[in-house]
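J.: Would you mind keeping the following structure in view while I ask a few things?
In UniProt numbering, the protein residues as written are 1 to 450.
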């Protein structure tokens with residue numbers, strides 16, 4: 001099968017359709033479940049939306065109000081054979097890999113560009129039946145424009161916490177097209193509640209993507225949701241989704257998080273420094289090599305940075321001591337959000353003595369000087385690198401001698417535990433990344449390909 005060619009062929013035939021193909025396309029009509037379109041169901045749902053009253057409405061619909069209004073329409077289309085035909089047409093079009101820090105799945109082009117019979121019929125159903133029905137039931141004004149794509153989620157695919165907010169999006173919707181999907185397959189639609197800052201906190205409801213069910217909700221500053229990781233190795237979670245658009249509404253200003261505590265350097269004895277740091281990285285010749293590579297690549301991976309025991313005494317192996325302390329089952333790891341920016345495990349103070357000692361070494365004046373020599377960055381006024389070796393002003397560097405009142409370098413520190421389900425996301429309101437700085441990461445308990 002050649003999906004790309006088939007999609008192109010479909011677009012071409014749509015623009016130069018023969019009378020026979022036009023009749024075939026127009027003859028396919030997708031009808032919405034008659035229980036949904038009945039006056040009784042519409043009146044009850046309209047009142048429930050207005051009063052934010054959760055409940056079931058016959059066998060056709062369920063309104064969820066916690067953490068925000070979400071409506072599930074069961075058996076959306078009357079003829080399941082037509083749903084199968086729609087599914088088959090969608091599997092036959094081209095999909096593109098979508099992969100970044102927020103998501104991993106495959107997505108089609110805009111379905112407005114495809115003119116196969118059942119895709120065309122579904123668009124007509126959305127525009128002619130569902131859009132007016134949604135406008136009537138929810139009271140949300142819509143302008144008639146719709147965004148529509150198809151998504152495929154396979155093993156390990158995921159879409160992390162987000163709120164769908166974008167100019168003009170008023171109602172989000174998803175039609176699920178995978179028969180026999182179970183909770184054990186993963187891929188649930190998770191809904192998040194919010195904290196006092198209206199930031200996502202905990203998953204309080206999960207919706208199973210049942211075949212021929214449609215889920216919709218108003219896009220708002222608190223409509224946080226995610227597609228949980230798909231766990232099935234042999235099923236594909238197929239859905240059609242998008243947004244009904246309408247007049248834009250005002251949104252609150254983005255949440256600005258407090259800055260992490262800035263720590264100035266402390267002083268430690270040279271003996272303590274040498275007990276922790278491998279002598280390899282204290283040698284000028286090695287520092288010069290590291291500095292040159294860092295200058296060219298702006299990053300470097302330093303193996304065996306901590307001093308290992310030469311005499312095979314476990315107490316002298318700092319790396320092993322750290323790993324044992326942080327692997328202690330009695331250590332309390334605090335979950336840290338908000339979920340649309342991160343979901344990490346942090347080790348709050350107080351920590352084990354060896355962990356506290358390690359943190360003290362890494363925020364010491366001596367470490368600032370070592371990192372200056374290894375990178376050429378001016379983190380310490382005693383940087384021994386010549387001006388020709390370090391960054392010029394054109395490269396974004398600056399000379400401490402020319403800035404006698406320059407504020408001393410500082411650092412932030414955090415101890416993270418990474419495991420299945422933890423993550424961080426890039427976002428525009430990260431004030432901790434506004435200034436130039438050096439990211440230093442010490443990895444522990446990482447073996448093999450991890």
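Think of the CB as a built atom: it goes at the ideal place given N, C-alpha and C, for glycine as much as any other residue.
Just so it is clear, the structure is predicted and the values come from calculations on it, not from any experiment.
Assign residue 87 to one of two classes, buried (16 or more other C-beta atoms within 10 Å of its C-beta) or exposed (fewer than that).
T.: buried
J.: In angstroms, rounded to a whole number, what distance separates the CA positions of residue 277 and residue 317?
T.: 11 angstroms
J.: Is the Cβ-Cβ distance between residue 103 and residue 159 less than 8 angstroms?
T.: yes
J.: Please check if any C-beta of chain C sits within less than 8 angstroms of the C-beta of residue 44.
T.: Structure shown: chain C not included; a single protein chain is present.
J.: Under DSSP, the alpha helix (DSSP H) around residue 373 begins and ends at which residues?
T.: 365-375
J.: Report the residue from 435, 39, 339, 362 whose alpha carbon sits nearest the alpha carbon of residue 101.
T.: The shortest CA-to-CA distance from residue 101 to any of 435, 39, 339, 362 is the one to 339.
J.: Quick check on residue 443: does DSSP put it in helix, strand or coil?
T.: coil
J.: Thinking C-alpha only, which one of 65, 56, 427 is nearest residue 255?
T.: 427
J.: Use the C-beta contact count for residue 200: other C-beta atoms within 10 angstroms, 16 or more gives buried, fewer gives exposed.
T.: buried
J.: Quick one: residues in its chain with C-beta nearer than 6 angstroms to the C-beta of residue 21, no 5 flanking neighbours on either side, listed in chain order?
T.: At residue 21 the pLDDT is 44, less than 50, meaning the model places this residue with poor confidence and gives no usable figure here.
J.: Taking all protein chains shown into account, decide if residue 291 is buried (16 or more other Cβ within 10 angstroms of its Cβ) or exposed.
T.: buried
J.: Is it the case that the Cβ atoms of residue 35 and residue 54 are separated by a distance below 8 angstroms?
T.: No, the Cβ-Cβ distance between residue 35 and residue 54 is not below 8 angstroms.
J.: Count the C-beta pairs between the region 238-251 and the region 139-151 that are closer than 8 angstroms, then say yes if the count reaches three, no if not.
T.: yes
J.: Apply the 10 Å Cβ neighbour rule to residue 139 and answer buried if 16 or more other Cβ atoms are within range, or exposed otherwise.
T.: exposed
J.: Take the Cβ of residue 454 as the centre, count every other Cβ of all protein chains shown within 10 Å, and call the residue buried at 16 or more, exposed below.
T.: Beyond the ends of the chain as shown, which are 1 and 450, falls residue 454; an answer cannot be given.
J.: My output table needs one value for residue 427: the three-state DSSP class, helix, strand or coil.
T.: coil
J.: Spell out the partners DSSP gives residue 172 in its beta bridges.
T.: 217, 243
J.: What residues in its chain sit with their C-beta under 8 angstroms from that of residue 322, if we drop five residues either side in the sequence?
T.: 306, 354, 355, 358, 444
J.: Cutting at 7 angstroms between CB atoms, please list the residues of its own chain near residue 183, excluding the five before and the five after it.
T.: 208
J.: In angstroms with no decimal places, state the Cα-to-Cα distance between residue 440 and residue 162.
T.: 28 angstroms
J.: For the region 46-120, which segments carrying the alpha helix (DSSP H) assignment without a break, of at least 4 residues, lie completely within its bounds, in sequence order?
T.: Complete alpha helix (DSSP H) runs here, min 4: 80-91.
J.: Using DSSP bridges, identify the partner residues of residue 230.
T.: 186
J.: Taking buried to mean at least 16 other C-beta atoms within 10 Å of its own C-beta, is residue 263 buried or exposed?
T.: exposed
J.: Please confirm whether residue 196 and residue 273 have their CB atoms less than 8 angstroms apart.
T.: Contact flag unset, no.
J.: According to DSSP, residue 335 sits in a beta bridge with which residue or residues?
T.: 345
J.: Can you name, in chain order, every residue of its own chain whose Cβ lies under 6 angstroms from the Cβ of residue 442, other than the five neighbours on each side?
T.: Hits under 6 angstroms: none found.
J.: Helix, strand or coil, according to DSSP, for residue 282 in the structure here?
T.: helix
J.: State the Cα-Cα distance for the pair residue 379 and residue 271, rounded to the nearest angstrom.
T.: 22 angstroms
J.: Tell me the DSSP secondary structure of residue 23 in three-state form.
T.: Reliability of the predicted coordinates at residue 23 is poor, the pLDDT of 43 falling under 50, and the value obtained from them is presented with this limitation in mind. Residue 23: helix per DSSP, three-state reduction.
J.: Once the 5 residues before and after residue 110 are set aside, which same chain residues still bring their CB inside 8 angstroms of it?
T.: These residues qualify, in order along the chain: 147, 148, 149.
J.: Using only alpha-carbon positions, find the residue among 302, 237, 372, 446 that is nearest to residue 326.
T.: 446
J.: My understanding is that residue 214 touches residue 377, with C-beta atoms under 8 angstroms, so please give their C-beta distance in whole angstroms.
T.: Actually they are not in contact, since the Cβ atoms of residue 214 and residue 377 sit about 54 angstroms apart, beyond 8 angstroms.
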